[in-house]
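Participant: According to full-length UniProt numbering, the sequence shown is numbered sequentially starting from 1.
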Amino acid sequence: MKIGLYFCNCGSNIAELVDPEKVRLGLAQDGLAYFKTYPFLCSEEGKAFLEQDLRDERPDRVVIAACTPREHEATFMRVLEQAGMNPYLMQMVNLREQVAWVTKEPEKAVRKAVLAIRGALLRVALQQELEREELEVASSVLVLGGGPAGLKASLTLARAGRKVVLVEKGPAIGGLPVLYEELFPDLECGPCMLEPLMGELIHGEYADNIELLTLSELAEVKGFFGNFSATIRRRPRYLDEATCIGCGECVEACPVAGKNPFDSGMGEKKAMAFAFPGALPNLPYLDPALCTRFTEGGECRLCSESCPMGADVVRYQDAETLVERQVGAIVVATGASLYDCTTFTQLGYGVLPQVKTAHELERMLASNGPFAGDPSALPERILFIHCVGSLDEGHRPYCSGICCQYAFKLNRLLRSRLPQARIHHLYREIAAAGKEASALYLSAREDPGTALSRYGSLAGLSVREEGGEARVFVAGGESLSADLVVLCPAVVPGEDAGALGALLEVSLDRFGFYEEMHGRIDASSSKMRGIYLAGACQGPADIQRAALQGVAAAGSVLCELVEGRKLRLEPLFASVDPELCSGCRVCLMVCPYRAVSFDSEKGVACVSSVLCHGCGTCVAACPAGASRAQHFTGEMILAEIEGALK
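1) Beta-carbon within less than 7 Å of V63's beta-carbon, same chain only, minus the 5 sequence neighbours each way: which residues are those?
2) Taking the C-alpha atoms as reference points, what is the distance between G46 and S525?
3) Here's the rule: buried if 16 or more other CB atoms are within 10 angstroms of the residue's CB, otherwise exposed. What is E181?
4) Could you tell me the boundaries of the alpha helix (DSSP H) in which M198 lies?
5) From E560 to I210, what does the alpha carbon distance come to, in whole angstroms?
6) In the DSSP assignment, find the unbroken alpha helix (DSSP H) run with P398 in it and report its ends.
7) Could you check whether the region 602 to 617 touches the region 222 to 235, counting it as contact only if at least three pairs of C-beta atoms, one from each stretch, sit closer than 8 Å?
8) Based on the DSSP secondary-structure assignment, which residues constitute the bridge partners of K222?
9) Thinking just about the alpha-carbon of each residue, which of R70, C587, Q29 is nearest to the one in V596?
10) Is the Cβ-Cβ distance between G634 and G603 less than 9 Å?
11) So, does the region 37 to 45 touch the region 62 to 77, judging by three or more C-beta pairs under 8 Å?
12) Would you call R565 buried or exposed, if buried means 16 or more other Cβ atoms sit within 10 Å of its Cβ?
13) Can you round the beta-carbon distance between Y206 and A158 to whole angstroms, since I take them to be within the 8 Å contact cut?
14) Taking its Cβ as the centre, do 16 or more other Cβ atoms sit within 10 Å of V102, making it buried, or is it exposed?
15) Between the Cα of G310 and those of C247, A257, S139, spot the shortest distance and give me the residue it belongs to.
16) Using a 10 Å radius around the Cβ and a threshold of 16 neighbouring Cβ atoms, would you call M1 buried or exposed?
17) Which residues mark the beginning and the end of the alpha helix (DSSP H) in which A439 is found?
18) Helix, strand or coil: which one does DSSP assign to H386?
19) Going by DSSP, what residue range makes up the beta strand (DSSP E) through P281?
20) Could you check the C-alpha separation between C618 and C341 for me, to the nearest Å?
21) Okay, do the region 419 to 432 and the region 443 to 455 touch, 3+ Cβ pairs below 8 Å being the bar?
22) By the DSSP assignment, the beta strand (DSSP E) with E563 in it spans what residues?
23) Could you check which residue in E268, L32, S306, A329 has the C-alpha nearest to that of G530?
24) For a minimum of 4 consecutive residues, which ranges assigned as the alpha helix (DSSP H) are wholly contained in the region 92 to 180?
25) When you compare the CB positions of P571 and E134, do they come within less than 9 Å of one another, or not?
26) How many angstroms separate the CA atom of V178 from the CA atom of V463?
27) By Cβ distance below 7 Å, which residues in the same chain neighbour E380 in space, the five residues on each side in sequence not counted?
28) Just to confirm, are P308 and E249 a CB contact at a threshold of 9 Å?
29) Roughly how many whole angstroms lie between the Cα atoms of Q549 and L183?
30) Which runs of the alpha helix (DSSP H) at least 4 residues long sit entirely within the region 477 to 552? Give them in chain order.
31) Could you pull the start and end residues of the beta strand (DSSP E) that R568 belongs to?
32) If you draw a straight line from the C-alpha of R235 to the C-alpha of T334, how long is it?
33) Tell me which same chain residues have a C-beta within less than 7 Å of the C-beta of G175, skipping the five on either side of it?
34) Sort out for me which residues DSSP pairs I3 with in a bridge.
35) Touching or not, the region 399 to 412 and the region 434 to 446, by the rule of three or more beta carbon pairs under 8 Å?
36) Could you check where the alpha helix (DSSP H) with S304 kicks off and where it finishes?
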């Protein structure tokens with residue numbers, strides 16, 4: 001077997017300490033066909049030299065002694081391909097970082113370099129030709145969630161010419177921000193900010209590229225990156241969406257009302273109603289939990305009879321349906337939830353009428369809320385309790401980040417509408433990071449009608465009703481009176497995060513949010529290839545961060561799933577020998593990328609070459625030795641160790 005070695009001097013980085021001539025002499029008995037040096041092998045001149053020399057020498061295997069493979073392994077593999085060699089017949093040795101930069105004595109450096117190269121020579125002799133696979137891919141994208149992150153991701157993809165299927169489990173898009181009339185930090189109108197975005201998605205230039213499915217949820221997903229088959233469960237709206245003009249006549253005619261979930265049950269809605277005033281799509285929906293046709297088996301047809309577009313626009317016979325879509329990638333933008341405040345029984349939430357959450361106060365202040373924005377409906381003594389569940393090892397140890405900002409925003413709104421209001425904030429810590437976030441905090445701190453004080457632990461707080469008012473008792477003997485106590489709960493994963501994560505085979509972090517590939521430098525990708533993350537589903541986020549992550553996720557899709565380009569798979573994946581596999585499924589449990597499945601008919605494990613990252617975890621864990629890593633077999637690794645120990 002003809003093995004050639006190319007030694008890169010790397011200027012003086014390597015050659016100054018590791019003498020290539022001494023290295024050559026040290027390898028004289030190792031069966032090298034030739035040993036050549038070059039000043040900078042990664043330079044354009046160096047790559048041209050290497051390509052031509054490979055054509056002339058025609059070696060069977062190549063060892064390149066240079067710098068870290070992380071920096072230039074792909075560079076030299078491309079040169080091998082251009083020279084007509086299989087790129088997997090090359091092995092790199094890192095002489096710069098692992099020898100020259102960490103070994104002070106030249107003789108020891110030479111000895112160490114000889115041992116490292118000797119190990120590479122024994123290893124490369126066992127390496128085999130591997131071929132990259134290419135697969136046809138679907139370029140369309142499934143986006144789960146119609147909040148700011150999902151909207152930005154969908155529009156970014158649509159503007160790039162991609163087909164998008166946007167799935168929203170509610171009857172309207174926009175997420176929570178469309179319910180808030182003023183947003184921190186600059187008190188911008190939430191619906192005003194999002195309406196242009198939502199309008200463009202539904203009626204804009206690129207609307208034809210977006211299929212919007214409301215009242216829908218992902219039911220099943222099969223396949224892999226580039227070729228997902230998604231089954232979506234659609235609940236009926238009970239009307240013909242193509243014919244309805246959103247006039248609202250059916251809403252006026254409906255005789256039945258119940259609690260409105262968009263007002264946290266504080267207001268009422270009709271059985272036939274819009275999700276909220278100004279909701280998009282501009283279509284009402286029929287709630288079967290309220291309609292007497294479904295609850296009592298009645299024959300009421302007032303909504304259909306009042307429709308100016310015809311009595312058949314309202315369709316009582318509609319049923320849940322399943323639709324399938326073929327997509328190449330999935331963006332998860334399902335948002336987050338708020339901690340259940342009933343957990344803290346000592347705070348009286350759900351028992352005392354004077355105790356509300358900050359979200360409920362938002363709706364109480366809203367002009368389209370249960371009190372129509374009437375400030376006289378609000379009490380004058382209001383006490384905010386921050387960090388309800390946050391910064392608490394017994395509940396959520398992290399800071400939710402947004403709570404302080406919305407609490408101080410509500411402080412500003414209350415004081416502007418009720419100048420006589422007296423407000424008190426009980427906090428554990430103040431979080432006001434960023435160039436704009438401190439303005440609302442400073443405004444509250446300097447306001448004569450606002451007081452702030454720190455408490456030590458939520459367990460030391462209790463709320464009781466005395467004489468028709470709420471009294472908040474603080475550990476240490478202090479008590480505060482208020483007409484309204486507002487809780488600021490922790491931001492937590494969505495209720496369906498676990499179920500959806502299991503469906504998509506996307507891992508969760510220790511807090512229950514979706515886990516990123518890397519929390520700092522690759523936060524838009526999950527550990528499952530082809531599934532991307534955006535917004536508060538991966539951690540507490542404000543609107544700005546959610547929108548930016550939506551764009552980032554779309555950008556990741558566009559650069560990895562290129563329309564018209566086949567998916568090129570690196571052959572460095574694991575495989576399972578069915579003759580050795582005992583069906584113990586250990587590999588399924590340890591694979592961090594969910595690349596291993598189980599063939600129940602054959603009783604053996606199988607590895608998806610698309611999802612596998614070649615990490616070798618399953619190979620190390622397999623008790624039967626049935627799992628093998630392409631290009632990193634046990635024989636290769638042992639040969640390299642043997643060479644280094646000679």
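Ideal placement from N, C-alpha and C gives every residue a C-beta, glycine not left out.
Keep in mind the model is a prediction, meaning the values are calculated, not measured.
Facilitator: According to the structure shown:
1) Counting from 1 along the sequence shown, the entry for residue 63 is found at position 63. I3, L5, Q91, V93, I117, A120, L121, V124.
2) Taking the first residue of the sequence shown as position 1, residue 46 is located at position 46. Taking the first residue of the sequence shown as position 1, residue 525 is located at position 525. So the alpha carbons of these two residues sit roughly 36 Å apart.
3) For the purposes of this step, residue 181 is taken as the residue at position 181 of the sequence shown. Counting of Cβ neighbours within 10 angstroms places E181 among the buried residues, the total reaching 16 or more.
4) Within the sequence shown, numbered from 1, the residue matching residue 198 stands at position 198. Where M198 is concerned, the enclosing alpha helix (DSSP H) stretches over 190 to 203.
5) Locating residue 560 in the sequence shown gives position 560, where the first residue counts as 1. Locating residue 210 in the sequence shown gives position 210, where the first residue counts as 1. Whole-angstrom Cα-Cα distance: 20 Å.
6) Here residue 398 is taken as the residue at index 398 of the sequence shown, counted from 1. The question names Pro, but residue 398 in the sequence shown is Tyr. Judged by DSSP secondary structure, Y398 falls outside any alpha helix (DSSP H); it is assigned neither H nor E.
7) Because the criterion of three Cβ pairs below 8 Å is met, the region 602 to 617 and the region 222 to 235 touch.
8) Locating residue 222 in the sequence shown gives position 222, counting from the first residue. According to DSSP, K222 bridges with S229.
9) For this step, residue 596 is matched to residue 596 along the sequence shown. Checked all of R70, C587, Q29; the closest Cα to V596 is C587.
10) Against the sequence shown, residue 634 aligns to sequence position 634. Against the sequence shown, residue 603 aligns to sequence position 603. 9 Å or more divides the Cβ of G634 from the Cβ of G603.
11) Result yes; three or more Cβ-Cβ pairs closer than 8 Å.
12) Along the sequence shown, one-based indexing puts residue 565 at 565. Exposed is the call here.
13) As a first step, residue 206 must be located in the sequence shown, where it is residue number 206. As a first step, residue 158 must be located in the sequence shown, where it is residue number 158. Their Cβ separation, rounded to whole angstroms, is 4 Å, which keeps Y206 and A158 in contact under 8 Å.
14) Here residue 102 is taken as the residue at index 102 of the sequence shown, counted from 1. By the neighbour-count rule (16 or more Cβ atoms within 10 Å), V102 is not buried but exposed.
15) As a first step, residue 310 must be located in the sequence shown, where it is residue number 310. Measuring from the Cα of G310, the nearest candidate turns out to be C247.
16) In the sequence shown, the residue the question calls residue 1 occupies position 1. M1 is classed as exposed because its beta carbon has fewer than 16 other beta carbons within 10 Å across all chains shown.
17) Taking the sequence shown and counting its residues from 1, one reaches residue 439 at position 439. Unbroken alpha helix (DSSP H) run through A439: 438 to 446.
18) Mapped onto the sequence shown, residue 386 falls at position 386. Three-state result, H386: strand.
19) Reading the sequence shown from its first residue, position 281 is the one you call residue 281. Unbroken run through P281: none, as it is neither H nor E.
20) Here the question's residue 618 lines up with position 618 in the sequence shown. Here the question's residue 341 lines up with position 341 in the sequence shown. When rounded, the distance between both Cα atoms is 42 Å.
21) Touching, per the Cβ criterion.
22) On the sequence shown, residue 563 is found 563 positions in, with the first residue counted as 1. E563 -> no beta strand (DSSP E), and no H or E assigned at all.
23) Your numbering for residue 530 matches position 530 in the sequence shown. Nearest C-alpha to G530: A329.
24) Counting whole runs of 4 or more residues, the region 92 to 180 contains the alpha helix (DSSP H) stretches 106 to 124, 148 to 159.
25) Counting from one through the sequence shown, the residue named residue 571 turns up at place 571. Counting from one through the sequence shown, the residue named residue 134 turns up at place 134. With contacts defined by Cβ atoms closer than 9 Å, P571 and E134 do not form a contacting pair.
26) In the sequence shown, counting from the first residue as 1, residue 178 sits at position 178. In the sequence shown, counting from the first residue as 1, residue 463 sits at position 463. When rounded, the distance between both Cα atoms is 32 Å.
27) For the purposes of this step, residue 380 is identified with residue 380 of the sequence shown, where counting begins at 1. The answer, listed in chain order, is L418, Q420, A421, R422, D483.
28) Start at 1 with the first residue of the sequence shown, and residue 308 comes out as number 308. Start at 1 with the first residue of the sequence shown, and residue 249 comes out as number 249. Closer than 9 Å, so yes.
29) The residue labelled residue 549 in the question sits at position 549 within the sequence shown. The residue labelled residue 183 in the question sits at position 183 within the sequence shown. Straight across, the Cα-Cα distance linking Q549 with L183 is about 19 Å.
30) Within the region 477 to 552, the complete alpha helix (DSSP H) runs of at least 4 residues are 497 to 504.
31) On the sequence shown, residue 568 is found 568 positions in, with the first residue counted as 1. Per DSSP, R568 belongs to the beta strand (DSSP E) from 567 to 569.
32) Within the sequence shown, numbered from 1, the residue matching residue 235 stands at position 235. Within the sequence shown, numbered from 1, the residue matching residue 334 stands at position 334. When rounded, the distance between both Cα atoms is 18 Å.
33) Here residue 175 refers to the residue found at position 175 of the sequence shown. Taking G175 as the centre and dropping the five residues before and after it, the same chain places the C-beta of G146, G147, P148, G335 closer than 7 Å to its C-beta, in chain order.
34) Taking the sequence shown and counting its residues from 1, one reaches residue 3 at position 3. Under DSSP, I3 shares a beta bridge with R61.
35) The region 399 to 412, when compared against the region 434 to 446, does touch it at the 8 Å Cβ threshold.
36) By 1-based counting over the sequence shown, the position of residue 304 is 304. Element bounds for S304: 302 to 306.
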